[in-house]
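Residue numbers (the working numbering), protein chains in the order written: chain A, 3 to 650; chain B, 1361 to 1732.
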């Protein structure tokens, strides 16, 4: 039995934030979970899948976040409690349906968990999902510690049913991925029966059709939706998760939420400023409960808002303060606008300490600069100097190698439109700097479709787009359909490494199984591309010569859209892990090293971490510990010094 | 000779449209590659000096130094270059017959050189479809299979590098003036390698007024005829002014040379050499005598092989009529003059011996004589 399923009320477990969210959902009797993988959210659906059978839960990795939200909404419409999970960029993808859903409302409690990534630690941007709550007018909750991650999640389902609308729960990387003690509540023992009641009149919340809007009838639906938000604000006045700690009349009031609550508490403690600073930690950050805010603003005339990235909370509080100015008097605000808190990147206790010490004039010396310098020096000496790169034996390195070489030889200044996956390193020397545009999932192919139509304005650069197998289903299919239909002569490369590799091998529609490990029909990428009308080739990227020739054939073929599927499993994938195709070794007698004729191609340019440069001997060497035996380096060594021997 | 690295080669040669794609820099390292007639550098090399730069016939060519090393005296600017004799020739009865052009002298010489061990391999230019493909062969009959003119620039030197890597040490090289010049630079051991020995057994140069840019020619031809049915391409000696394309099925399609000349790369207009002056033997067509070749013998090694080949029935020699010789000198001198004037105008000729990197280094007096 999973520890997530422990039914002993009051038992304490060390949980990761994402697991605490899962436990909260289990305690709420959630039945259906859908999502699309994305750090830092991915563990949630995976955890559900582990308890799915015991708790009678349906969980799925959906094709993309919009579909996940739709799948989840169906469960709500049928009266079940349901959760939809995604990272911040996923909310953008889901946002079209999100607006409609917020308008139609929900039945069974429905919670959208959005895991933001301030500092873009594992994202290509630090987009804000909080703003979507305001945009589509649904309540937003933010847990301020790991216990709350469970408790607030559970409460979110009740709130959703009370309001008859979706509730957003927002986490951040440091909340999702930190671990802490969580005290369990009871698991419900209820039957779940799905029934979509739709035989009632329009706008009947219990039995009517679930529709987002009748054209020209905004007042009939939008008005009641806004009434839900006003009701949420009234409920939030009494929300036990909004807490104040500190003196009755502090000199400075910190208003904060989420992980910043913990940074603020630590900063106040380290400065010994508990007597001077109070912390209002908000769990209900949209809509704000005005009375609660007024009561706390009235404590002092100096307020510091501590939040990550955009001043979402800051602006809301300022609006209320302006409205309440007559009652509470003038307030001096510190935060992002005043320059105390940065609008970029993650916060940490040091940043909050710096803000507090300058506002309150408390001298504080962090770790001395010399410590920092010493640490850096030690790291330089002790750690290998290694840039951001692909894993040893990664098929993407081989794929980008062939793309790079084909484009250089072609000589028409061709380029690659990338998208989101491990292959974002295609923008860097480790991916041979081939990728020249990089945006959202699937957008590489859309952009390439546009570039390749600019021939009539004299552009003859070959255009290649990249997407992964999971991305193909997620967002690239419409772009390919566009390219085929518009006769746009792009070459779309599908880097098919057999799973959603970057986030941990979650299955996608092309996989033969689902998140529960059950056998599922695998949707055939090649057949889809052919059916769309693209010219399709398939190669093994480890076969450098054949792959490069395929690229030449395709980029020189200027009639319409072409697809090259480069199929090779990720080096870390379950099926390739601990297996080696080849034993690889370097013949030191043949290795040219730094001579004219090589100039360290393997370590200087190809850059597989499995090959290291032996400075003393002046030759390359295989690092047997991390070499996965793909054998590609043997094919790129110009001297034939790298030998591969097939493993029987 | 001033030797730099790949960075300078890229900026001064490829960057200034001087690269003709001869293959001198190809396959020495993993960085320079040839694709469809064009040379590309895949990745930057960080070495300050490289063989790529040293062998390139379009950068830092020191004519006096080269001439001194090959012929024992400085470059004197004669339109036909160093020569022992100038005459006419054609393949003898002993030589096999192939689809060679004109008198078949080149094929006959190379067959003979391989047969008698003067050479242990021969670097020639074959073709796949329209694309010229460098190869080295080791059997006399393989030479014939590659016979016939190609007319598009080819990275033939890469096959020389390949043959050297595989250990051949008396390699017969057949090439155009740029390829022969690159070969001469390679033979002069510019990197001062102590273990170096001249890898060639015989260098046969071809006469050349220009070559075509492969990609431009390919798209020109593909737009006009079915490129898969081309049997042979020929440009008969002047004054015909046409290119003949022979198709399977016997059709012959003609294109006026003034249309074809538009496909000549800029690089050829800087070439000062019509007769492959740094060869052992140079061979060309004969005006008005389509069954014969012009033959210039330049070195002792060349003379010896020509004489033996004649003695054994592989080659038939005769004198060149005076007016043909005069015309040859005039044509070659004209090409040299035009190219030197253009290169001087572009500021890429260095007569003063200063460090400035340039295409050619030539003695000021010789230059004056050539462009007079």
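Even glycine gets a Cβ: it sits at the ideal position worked out from N, Cα and C.
| Query | Result |
| --- | --- |
| Suppose you measure from the CA of residue 1634 of chain B to the CA of residue 1393 of chain B; what does that come to, to the nearest Å? | 27 Å |
| Compile a chain-ordered list of the residues in the region 594-627 of chain A whose CB is closer than 7 Å to at least one CB of chain B. | 598, 599, 600, 601, 603, 607 |
| Tell me the residue span of the alpha helix (DSSP H) that contains residue 439 of chain A. | Here residue 439 of chain A belongs to no alpha helix (DSSP H); instead the beta strand (DSSP E) covers 437-440. |
| Nearest-angstrom Cα distance between residue 596 of chain A and residue 638 of chain A? | 16 Å |
| Using a Cβ-Cβ cut-off of 7 Å, state whether residue 413 of chain A counts as contacting chain B. | yes |
| Strictly by DSSP, which residues pair up with residue 88 of chain A? | A/116 |
| Taking the alpha carbon of residue 1639 of chain B as the reference point, which residue from B/1563, B/1363, B/1611 has its own alpha carbon closest? | B/1563 |
| What separation, rounded to the nearest whole angstrom, lies between the Cα atoms of residue 366 of chain A and residue 348 of chain A? | 21 Å |
| Return the chain-ordered list of same chain residues with a C-beta closer than 6 Å to the C-beta of residue 437 of chain A, the five sequence neighbours on each side being excluded. | 418, 420, 428, 429 |
| Given that a residue counts as buried once 16 or more other Cβ atoms are within 10 Å of its Cβ, and exposed if not, what is residue 1600 of chain B? | exposed |
| Ignore the nearest five residues each way along the sequence and tell me which others in residue 1641 of chain B's own chain have a CB closer than 6 Å to its CB. | 1564, 1657, 1662 |
| Between residue 1398 of chain B and chain A, is any beta-carbon pair separated by less than 7 Å? | yes |
| Taking 7 Å as the cut-off, decide whether the C-beta atoms of residue 2 of chain A and residue 106 of chain A are in contact. | What the structure shows of chain A is the stretch from 3 to 650, and residue 2 of chain A is not part of that stretch, so it cannot be assessed. |
| To which residues does DSSP link residue 1562 of chain B through a beta bridge? | B/1532 |
| Where do the ends of the beta strand (DSSP E) carrying residue 1618 of chain B lie? | Not the beta strand (DSSP E): residue 1618 of chain B falls in the alpha helix (DSSP H), residues 1617-1620. |
| Is the number of C-beta pairs between the region 1498-1518 of chain B and the region 1394-1405 of chain B that are closer than 8 Å three or more? | yes |
| What beta strand (DSSP E) runs, 3 residues minimum, are completely inside the region 1474-1544 of chain B? | 1481-1488, 1491-1497, 1531-1535 |
| Count the other C-beta atoms from every protein chain shown that fall within 10 angstroms of the C-beta of residue 511 of chain A, then say buried if there are 16 or more, exposed otherwise. | buried |
| Using the beta-carbon count (16 or more within 10 Å), is residue 48 of chain A buried or exposed? | buried |
| Taking a contact to mean a Cβ-Cβ separation below 7 Å, would you say residue 1451 of chain B touches residue 1462 of chain B in this structure? | no |
| Taking the runs of the alpha helix (DSSP H) that are 4 residues or longer, which of them lie wholly in the region 431-505 of chain A? | 445-453, 479-487 |
| Quick one: does residue 1369 of chain B have its CB under 7 Å from some CB of chain A? | no |
| Determine the closest residue to residue 588 of chain A out of A/73, A/643, A/557, with distance taken between C-alpha atoms. | A/643 |
| So residue 1582 of chain B contacts chain A; which residues on that side make the cut at Cβ distance below 8 Å? | Simply none; closest approach about 12 Å. |
| Residue 62 of chain A lies in the beta strand (DSSP E); which residues open and close that run? | 60-63 |
| Closest to residue 1594 of chain B by CA distance: which of B/1622, B/1511, B/1576 is it? | B/1511 |
| For residue 1627 of chain B, count neighbouring Cβ atoms within 10 angstroms of its own Cβ and tell me buried if that reaches 16, exposed if not. | buried |
| Output needed in chain order: residues of the region 1377-1391 of chain B with a Cβ under 9 Å from some Cβ in chain A. | 1387, 1388, 1389, 1390, 1391 |
| Among A/4, A/246, A/237, A/77, which residue has its Cα nearest to the Cα of residue 197 of chain A? | A/77 |
| Would the region 574-586 of chain A and the region 1369-1381 of chain B be scored as touching if the rule is three or more Cβ pairs under 8 Å? | no |
| Tell me the residue span of the beta strand (DSSP E) that contains residue 304 of chain A. | 304-308 |
| What does the alpha-carbon distance come out to for the pair residue 1435 of chain B and residue 1365 of chain B? | 26 Å |
| Cα separation between residue 1 of chain A and residue 142 of chain A? | Any answer about residue 1 of chain A is impossible in this case: the structure gives chain A only from 3 up to 650. |
| Go to residue 420 of chain A, then tell me how far its beta strand (DSSP E) extends in each direction, as first and last residue. | 417-420 |
| Answer with buried or exposed for residue 559 of chain A, where buried requires no fewer than 16 other C-beta atoms within 10 angstroms of its C-beta. | exposed |
| Nearest CA to the CA of residue 313 of chain A: which residue from A/342, A/619, A/414? | A/342 |
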